[in-house]
Every structure is written in C-alpha cells, then in structure tokens.
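The block underneath contains the structure these notes are about, expressed in structure tokens.
Protein chains: 2
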Amino acid sequence: MRKNSDERWPEILDVAGTMFAERGYSATSLQNIADELGILKGSLYYYIRSKDDLLYEVIRSVYWEGVANFRRLSTGDGTAAERLFAAVVGHVKYLTDNLIQTTVFLHEFERLSPARRRELSTLAYDELVRDLVVEGQAEGSFRGDVDASLVALAILGAANWVYRWYQDSGPSDGAQIGEVFADLFISGLAPRPQD
Amino acid sequence: MRKNSDERWPEILDVAGTMFAERGYSATSLQNIADELGILKGSLYYYIRSKDDLLYEVIRSVYWEGVANFRRLSTGDGTAAERLFAAVVGHVKYLTDNLIQTTVFLHEFERLSPARRRELSTLAYDELVRDLVVEGQAEGSFRGDVDASLVALAILGAANWVYRWYQDSGPSDGAQIGEVFADLFISGLAPRPQD
DNA sequence: CCTACCGATCGGTAGG
DNA sequence: CCTACCGATCGGTAGG
Numbered sequence: 001m002r003k004n005s006d007e008r009w010p011e012i013l014d015v016a017g018t019m020f021a022e023r024g025y026s027a028t029s030l031q032n033i034a035d036e037l038g039i040l041k042g043s044l045y046y047y048i049r050s051k052d053d054l055l056y057e058v059i060r061s062v063y064w065e066g067v068a069n070f071r072r073l074s075t076g077d078g079t080a081a082e083r084l085f086a087a088v089v090g091h092v093k094y095l096t097d098n099l100i101q102t103t104v105f106l107h108e109f110e111r112l113s114p115a116r117r118r119e120l121s122t123l124a125y126d127e128l129v130r131d132l133v134v135e136g137q138a139e140g141s142f143r144g145d146v147d148a149s150l151v152a153l154a155i156l157g158a159a160n161w162v163y164r165w166y167q168d169s170g171p172s173d174g175a176q177i178g179e180v181f182a183d184l185f186i187s188g189l190a191p192r193p194q195d
Numbered sequence: 196m197r198k199n200s201d202e203r204w205p206e207i208l209d210v211a212g213t214m215f216a217e218r219g220y221s222a223t224s225l226q227n228i229a230d231e232l233g234i235l236k237g238s239l240y241y242y243i244r245s246k247d248d249l250l251y252e253v254i255r256s257v258y259w260e261g262v263a264n265f266r267r268l269s270t271g272d273g274t275a276a277e278r279l280f281a282a283v284v285g286h287v288k289y290l291t292d293n294l295i296q297t298t299v300f301l302h303e304f305e306r307l308s309p310a311r312r313r314e315l316s317t318l319a320y321d322e323l324v325r326d327l328v329v330e331g332q333a334e335g336s337f338r339g340d341v342d343a344s345l346v347a348l349a350i351l352g353a354a355n356w357v358y359r360w361y362q363d364s365g366p367s368d369g370a371q372i373g374e375v376f377a378d379l380f381i382s383g384l385a386p387r388p389q390d
C-alpha cells in the first residue's frame, strides 16, 4: 500500500517514537521500524539521512512545544506562586498527554548527536523554573533561605519523573498529579514564621 | 597480562558500569568493554553467560545495598518526619556516592530481562517512602489531605532525578542536596492551619 | 582467558 | 528533473 509522503512521514515519527519509548533508541533497529510500517528498511532513507535524524525529529517538536507551553504558563499574569502552580500542572499534563514523545525526549536525549543536544538544551526548563522561584522569593511569597536552582531541580525532578510511572489507566490523571505536586512545592516554599 | 579471576571480575564490573552509564547499555558492545579491558570479546564469556548478565551484576549490588540503606534509615528511631529527613539525605548521598552504578540502575533498568526486573523491583523504594508518609500522617506531623503514594513519587522523583544533573565539581554535594530536598518536602507536608 | 568462528543482523547505500 | 519506493548488497558488528 503506497502512501504519499504527507501521510507517511507522521506515521514514521509515530512508529519510531513508540518503539524508541518502549525498547530504547539503541535497541531499536531501522528494520524493526520498517517492519512495523510495512515498508522496506531502505525505503526509510527516502525520509531520513541517518537513524539519528529519526531520533532528532521525534524529540524536536515535543521539545519546542513543551518549552513554549511552559514559558506561556510561567510568564502570564498573577503572582509567581500562581504561575508556578499553573506551570507545574501544565507541564505534567503536557507530559502525560504526550507520554510517548516525552519519554523519548527525557530518556533518550543523551543518544542525540552532540550538536543536536546543544540545540535542544534541557537547561531551558531549569531556567524557567528557577526564574519563577527567584521571582517568588523577591515578592516575598516564597522563603528566601533555599537555593532557587536546587528547588527548580527538585520540582523538575518530581514532575519529569512522572514519565517513569504514569499510566493512563489511573488512578490520577496528569492534571491531578500536577496539582498535588504544585501544591506540595508551593507549601514547602511558604515563608516561615522565623524569617 | 593475565590476571586472576578475583582481580579481573571487579575490573570488568567497573569498566562495564562506566560504559553503560556513559553510552547506555544497548549502545555498548561487548567488544567495547573487552577493548577497554585489553582482552578479547570472547573471553568475557569466561565470566558471564550473556550481555544481560553483565547489566544485572552491575545493578544488583547497588540495588540491594541501596534498599538496605534506605530501609535502615527509614525504620530507625525518631518521628516519621525525622526518619523521612534522614532517608532522603541518605538516599541522595548514596546516589551521588555511587553515581555510576546508580545511573545504570535508574537509566537502564528496563533493559534487564523481565525476570530480573521482577527480582529488583523499584516498588521497594516507593513503598518505603509511602509508608513513611502514611506514618507521618497518622502521627499528625504531616497533613492528611494529600495522597501518600503521590507524595512518595514526588519525593523519589526529585531525589532520583539527581543522577541526571549531579556533578562532583559542585556546587553542592549529595548530603547538602538531600537536606534541601528533605526540608522542602517536610515543610510542604506540614499540617495546615485549616486542617 | 584465547583462537577461530557461527547465524543474524546492524546502519546505510547502490542502481533502476 | 521529481516522488516514492524496490531488491540487493555494502562494510562491519551483534551475541554466542
């Protein structure tokens, strides 16, 4: 069954993403992907120039959409606490709504070529969260006795780790998980009486 | 240069662990490991029966020692809050003190054969943390309006994620990171006025 | 641990 | 010149 390129390319990205998420990038051969698509392995080279291209393309859109989503939520109206809440909820929801691609991004990022790793730096997220924490500390809504960078890494660790255990079958969905996590961190960041 | 088995075996585990942590299990060939050791690939089969054996042996000891460490800290004397603090600090310190093996455990766990994955279930950690949260809620030192399992996953996410960004060159060491994280979560779990 | 290999599969490319 | 592949094979490597 011949398909035109407009139909096939998203299908390739979908199949490759699913297999990379399940077996890992290095353990997935182009033959595996071609078999799943019902085409010959060599035919994949009409769409890509190398296996690394395929990993890059799977990660690229989920990365840029995710950063844009996070930036929009973290730079809106409201206090830093309100924006941190919205950003954490939105980030976890984005992750669970795009679980396969996010899993590939978070688990296989280091398999990208060095040049592509620099392009899609994970530091973007770290900085957005850290800036929110710094703002909240300046506002006085967050305690000032903790290092904002470490707090940002704690928040992103808890949120990103969701890809390791989340199941669509429940009991909680992404938004619910995000709300619990955001509330926990914002409570933990509340200014203390002795400050 | 022939070495006896007592010297060579830990050397094999060290080299394999380092390469699995850096390149990933699937992207590391037995030839890579043999080259680094200065022996022939086929000679590795004097020590192992399969490549999976090597991954298992790298993960096994760091897993069981880590669980024992965590259990000792979480079931000692003191309140649930005190033990959660000690367990988080000890867990992060254990992770950074054994960064290579812990990275292999946390990143390559899914590459183990299904039987071995069942043997080294990551649920052990989840349950230990959840039990601490439940105890703290029963004691009244933790708020009761959050799901203990979700809180446990947030704590383990933040703590385990450390393997993704920790650097021995600083600025914080494992114990310092653990103290900030533990304090943040324990503050976040403090009973609220309206409860 | 080495020598001497195996069945199969790897990522990638040839001409048409 | 292009799109959308094919059958066959390249040099090397996989686990055993």
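Note that the protein sequences, when read in sequence, are chains A and B. Quick note on numbering: the first sequence equals residues 1 to 195 in this note's numbering. Quick note on numbering: the second sequence equals residues 196 to 390 in this note's numbering. Every residue, glycine too, gets a C-beta built ideally from N, C-alpha and C.
| query | Which of helix, strand or coil does DSSP assign to ASN98 of chain A? | reply | coil
Proximity of TYR358 of chain B and LEU294 of chain B at Cβ, strictly below 9 Å: yes
*Does any CB atom of chain A fall closer than 9 Å to the CB of TYR289 of chain B?*
no
When you check each C-beta in the region 18–35 of chain A against every C-beta of chain B, which residues fall closer than 7 Å? GLY24, SER26 and ALA27
* From the DSSP output, in three-state form, read off GLY42 of chain A for me. => helix
Report task. Would you be able to state if there are at least three C-beta pairs under 8 Å between the region 107–121 of chain A and the region 69–88 of chain A? Result -> no
Exercise. If you draw a straight line from the C-alpha of VAL58 of chain A to the C-alpha of ASP14 of chain A, how long is it?
Worked result: 8 Å
Chain A partners of VAL372 of chain B, CB-CB under 7 Å? Rather than Val, the amino acid found at residue 372 of chain B in this sequence is Ile. Correct list: LEU150.
Can you confirm whether the region 68–77 of chain A touches the region 161–176 of chain A when touching is taken to mean that 3 or more C-beta pairs between the two stretches lie within less than 8 Å? no
Original post:
Going along chain B in order, which residues have a C-beta closer than 9 Å to the C-beta of ASN160 of chain A?
Top reply: GLY352, TRP356 and ARG359
- Query: chain A beta carbons: is any one of them nearer than 9 Å to that of SER382 of chain B?
  - Reply: yes
**Asked** Should LEU123 of chain A be counted as a contact of the ligand ADP given a C-beta to heavy atom distance under 8 Å?
**Response** The ligand content of the structure shown is nil, which means the ligand ADP is not present either.
Practice item. With distances taken Cα to Cα, identify the nearest neighbour of LEU54 of chain A among A:ARG143, A:ALA21 and A:VAL133. Key: A:ALA21
Could you say which of A:GLN101, A:SER141 and A:TYR46 lies nearest to LEU189 of chain A if we only look at CA atoms?
A:SER141
Taking beta-carbon pairs under 7 Å, can you tell me which members of the region 333–344 of chain B lie near chain A?
VAL341 and ASP342
- Mapping DSSP to helix, strand and coil, what is TRP161 of chain A? coil
- Query: Roughly how many whole angstroms lie between the Cα atoms of ASP342 of chain B and ARG60 of chain A?
  - Reply: 34 Å
task = Taking SER367 of chain B as the query, report the chain A residues whose CB atoms sit under 8 Å from its CB, ordered along the chain.
result = ASP147 and LEU150
Interface residues of chain B facing PHE85 of chain A [CB-CB closer than 8 Å]
Neighbours of PHE85 of chain A on chain B: none; closest Cβ ~13 Å, over 8 Å.
Report task. Use the C-beta contact count for GLU303 of chain B: other C-beta atoms within 10 angstroms, 16 or more gives buried, fewer gives exposed. Result -> buried
| request: Could you have a look at TYR251 of chain B and say whether DSSP puts it in helix, strand or coil? | output: helix
(Q) With distance defined between alpha-carbon atoms, name the residue in A:SER187, A:LEU184, A:MET19 and A:TRP9 nearest to GLN101 of chain A. (A) A:MET19
**Report entry** Within 9 Å of chain B by C-beta, residues of the region 109–134 of chain A in sequence order
**Finding:** GLU110, ARG111, THR122 and ASP126
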